[in-house]
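Undergrad: Residue numbering for the sequence shown follows our numbering, beginning at 79 and increasing consecutively. Ideal placement from N, C-alpha and C gives every residue a C-beta, glycine not left out. Since this is a predicted model, take the numbers as computed values, not measurements.
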Amino acid sequence: MNIDKIEILVNDISFTILPKENKLIKKDKITTISDEEISYLISIIRTWKSNYYNNKYFDGNVFEIKVHSNDKVDIIRGTRNLPENYEEFSKLVRSLYGRR
Numbered sequence: 079m080n081i082d083k084i085e086i087l088v089n090d091i092s093f094t095i096l097p098k099e100n101k102l103i104k105k106d107k108i109t110t111i112s113d114e115e116i117s118y119l120i121s122i123i124r125t126w127k128s129n130y131y132n133n134k135y136f137d138g139n140v141f142e143i144k145v146h147s148n149d150k151v152d153i154i155r156g157t158r159n160l161p162e163n164y165e166e167f168s169k170l171v172r173s174l175y176g177r178r
């Protein structure tokens with residue numbers, strides 16, 4: 079895996095994943111994350127466009143994913159518009175964030 083860091087922000091949840099070290103960092107606490115979980119996350123977001131936006135509503139989900147690799151940052155953002163498999167991503171994010 080050639081990814082150095084993945085930063086995730088979903089509404090009020092935020093954490094960072096360091097894939098090469100199998101570390102998940104949230105609120106200055108470090109836990110582990112498996113290669114399988116990292117691969118699953120990547121498989122979910124792999125085909126996502128870089129921007130999902132809907133200005134018809136005033137309230138809704140907001141997310142941002144930053145994938146750092148090879149001195150480059152790919153950013154995926156969404157505001158009130160979500161990819162088809164967003165629910166799968168959301169469940170994984172809540173599961174990872176809920177770890178002690």
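#1: Taking only the alpha-carbon atoms, compute the straight-line gap between I153 and G138 and give it to the nearest angstrom.
#2: So S92 is in the beta strand (DSSP E); what residue range does that whole segment cover?
#3: Would you call the region 132–146 and the region 155–169 touching, i.e. three or more CB-CB distances under 8 Å?
#4: Among residues of its own chain, excluding the 5 on either side of I108, which ones have a beta-carbon nearer than 8 Å to its beta-carbon?
#5: Spatial neighbours of S171 within its chain, please: CB distance less than 7 Å, with the 5 preceding and 5 following residues excluded, ordered by chain position.
#6: Report the three-state DSSP secondary structure of D149 (helix, strand or coil).
#7: Quick check: R155 and N129, are their CB atoms within less than 7 Å of each other?
TA: Reading off the structure:
#1: 19 Å
#2: 91–96
#3: yes
#4: K101, L102
#5: It is worth fixing the name first, because residue 171 is Val in this sequence and not Ser. Excluding sequence neighbours, V171 sits near I86, V88, I91.
#6: coil
#7: yes
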